[in-house]
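In my numbering, the protein residues as written are 44 to 478.
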C-alpha cells in the first residue's frame, strides 16, 4: 500500500513537471514568434509579419495585454501599408480604442509612405510631423527629410519644402542627390529664383535620367531672364531631340515669344502658329499675341479671326484686342466693322491710353462714314472735352467744324470755329459762307 502511494505521488510529480515544461516550452515558442513578427516588420517583410501578428492576436490565449495591443496595432498598420481592403477602417477603430497607444510612433514612417503613395499629402505631412528624428539613423533621417520636403512641396508650401530639401541635400548620398536637386531646381524655378534653379539643374543636366527633364526649364529661364537669343538657341536645339508633343509645343511657344520680344515677327509667326495648332483652349494672351503678329505681317483676315475669339470677355486684353481688331479692319477697308471695334474698345476703362487711341479712331471714322450709334458731332465733342489740351485736339476741332457744317447746323458751326485756336484759309472760307 505504501509503495502504491509512492508510485502515485511520483506520477503526479512527473506529470506536473511535464506540464510545466510544456507550458514553458509553449511560452518560449510564442515569445519567439512574437519577436519574429517584430523583426519581420522592422525589415519590411510585411506579409509574413502580418501573418505572425494576426496569429498572436487571434490564437495566443496567454498573450499579455500590452503584446495583444501591439499585435492588433501592427496587424492593422501592415494592412494599411499593403493597401488591403478595409484596413484603414481597422486602424481607425484601433485609434478610437487606444487613442494614446505608444505604438503609433513606430508606424509613422511606413504610414507616411502609404499616404504619399496614395497622394494624400495632407495626411502624409501630418504623420511625418509626428516622427521623432532623434530616433532615426543618418540614412533614415535623410529619407525622412526628403519625404517631408516632398509633402510640403505638394501642399504648396514652397519655402518649407526648400528648407527641408536643402537640408536633405547636404546629407544625401550620390544616388539620392539627383532627385533632390531636381525638386529644388523646380521649386526655385517656380519662385522665379533662376540663379538658384540654374545651380541645382546644372548639377544634373548631363545625367541621362534628368537631361530631358531639365532642358525645357533652361529655355524658359533664359526667356524669363530676357536672354532671348539663348532661349531661341536652346529651344531650337531641344526641338531636334526626341521629346513629347506637349513639350515640343511649349518650346515652340517660348521660341515664338522670344522672337516676338525682339520684334522679329516673321520668325515668331511659325512657332506661335505651331503652338496654337495643338491647343484646344488657347489663352486670351495666346490669341492676342497671334493676332498681333499676323497683323504685323499684313495677314489681316487671319488677325481678325484671332481677335474675334477674344471679344466675349471683358478685360484689359479684350480692350486692346478690340483696338487692334479695328486697325485690322481698317487695313482691309472694312470701315463699318472698324468703327464698331473702336467703339467697343473706347467704352472700356481698363487702359486709359488704349481708350484714348480708340476714341480718336472712333471719332475720325464717325466723321468719315457716319455713326449709327450716336451723332459724329457728339463723339468728336466728347473727345475734345476729355482731351482738351491734347496734341490731337486741334485736328478734332477742325473735324467738329466740318461735321456741324455737313449736318446743316450752322449756329454750332460758327461756335466751333470760334473755339479754334488758330484759323486757317479753309475755316475762314467756311466762316464767311455760313455768316
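For every residue, glycine included, the Cβ atom is placed at its ideal position computed from N, Cα and C.
Residue 309, buried or exposed, once every other Cβ within 10 Å from all chains shown has been counted against 16: It counts as exposed.
Residue 434 versus 399, 419, 285 and 414, residue with shortest Cα-Cα distance: Residue nearest to residue 434 within the set 399, 419, 285 and 414 is 399 (criterion: CA-CA distance).
Straight-line gap, residue 81 to residue 147 (C-alpha atoms, nearest Å): If I take the Cα positions, the gap works out to 14 Å.
Inter-stretch contact at 8 Å, needing at least 3 Cβ pairs: the segment 381-397 / the segment 349-369: Counting Cβ pairs under 8 Å, three or more are found: they touch.
CA nearest to the CA of residue 172, picked from 161, 180 and 184: Residue 172 has its Cα closest to that of 184, out of 161, 180 and 184.
For residue 119 and residue 133, believed in contact at Cβ under 8 Å, the rounded distance: Sure, about 4 Å apart at Cβ, within 8 Å.
Cβ neighbours of residue 253 in the same chain (closer than 7 Å, five flanking residues each side left out): Apart from sequence neighbours up to five positions away, the residues of its chain that approach residue 253 with a beta-carbon distance below 7 Å are 221, 225 and 247, ordered along the chain.
Cut-off 6 Å between Cβ atoms - residues of its own chain near residue 388, not counting five sequence neighbours on either side: Excluding sequence neighbours, residue 388 sits near 362, 365, 366 and 401.
Beta-carbon gap between residue 261 and residue 277 smaller than 8 Å: Taking 8 Å as the Cβ cut-off, residue 261 and residue 277 qualify as a contacting pair.
Straight-line gap, residue 287 to residue 256 (C-alpha atoms, nearest Å): C-alpha separation (whole angstroms): 11 Å.
Endpoints, alpha helix (DSSP H) assigned at residue 411: Counting along the chain, the unbroken alpha helix (DSSP H) around residue 411 starts and ends at 395-412.
Check whether residue 354 and residue 312 have beta carbons under 8 Å apart: No, these two residues do not count as a Cβ contact at 8 Å.
Cβ neighbour criterion (16 or more within 10 Å) applied to residue 416: By the beta-carbon neighbour count (other beta carbons within 10 angstroms, threshold 16), residue 416 is exposed.
Residue 371 vs residue 338 beta-carbon contact at 8 Å: At the C-beta level, residue 371 and residue 338 come within 8 Å of one another.
Test item: CB-CB of residue 315 and residue 296 under 8 Å: Yes.
Residue 95 classed as buried or exposed, judged by whether at least 16 other C-beta atoms fall within 10 angstroms: Under this definition residue 95 is a buried residue.
Rounded straight-line distance, which links the Cα of residue 258 to that of residue 279: One C-alpha to the other measures close to 11 Å.
Own chain, CB closer than 6 Å to residue 412, minus 5 neighbours either side, in chain order: Here the set comprises 378.
Extent of the continuous alpha helix (DSSP H) to which residue 417 belongs: Looking at the DSSP string, residue 417 is not in any alpha helix (DSSP H), and its letter there is neither H nor E.
Option nearest residue 111 by Cα separation, candidates 137, 206 and 167: Residue 111 has its Cα closest to that of 137, out of 137, 206 and 167.
Straight-line Cα distance separating residue 289 from residue 321: Their backbone Cα atoms lie some 8 Å apart in a straight line.
Beta-carbon gap between residue 327 and residue 358 smaller than 8 Å: At a Cβ-Cβ threshold of 8 Å, residue 327 and residue 358 count as neighbours.
DSSP state of residue 195 mapped onto helix, strand, coil: Helix.
Whole-angstrom distance between residue 168 and residue 97, CA atom to CA atom: Whole-angstrom Cα-Cα distance: 29 Å.
Boundaries (first-last residue) of the alpha helix (DSSP H) holding residue 258: Counting along the chain, the alpha helix (DSSP H) containing residue 258 begins and ends at 251-267.
Range covered by the alpha helix (DSSP H) that runs through residue 120: Counting along the chain, residue 120 sits inside the alpha helix (DSSP H) bounded by residues 108-124.
Which listed residue (105, 107, 101 and 114) has its alpha carbon closest to that of residue 79: Ranking 105, 107, 101 and 114 by CA distance to the CA of residue 79 puts 114 first.
Proximity below 8 Å, CB of residue 197 to CB of residue 231: Cβ atoms of residue 197 and residue 231: not closer than 8 Å.
Among 419, 356, 333 and 408, the one whose alpha carbon lies nearest that of residue 369: With distances taken between Cα atoms, residue 369 lies closest to 408.
C-beta contact flag for residue 268 and residue 237 at 8 Å: Yes.
Sub-8 Å separation of residue 158 and residue 170 beta-carbons: Between residue 158 and residue 170, the C-beta gap is smaller than 8 Å, which places the two residues in contact.
Endpoints, alpha helix (DSSP H) assigned at residue 344: Annotation for residue 344: the continuous alpha helix (DSSP H) segment containing it runs 343-351.
Cβ neighbours of residue 210 in the same chain (closer than 7 Å, five flanking residues each side left out): 188.
Nonlocal neighbours in the same chain, by C-beta distance under 8 Å from residue 243, ignoring five residues either side: Apart from the 5 residues on each side of it in sequence, residue 243 sits with its Cβ closer than 8 Å to the Cβ of 224, 225, 227, 228 and 231 in its chain, given in chain order.
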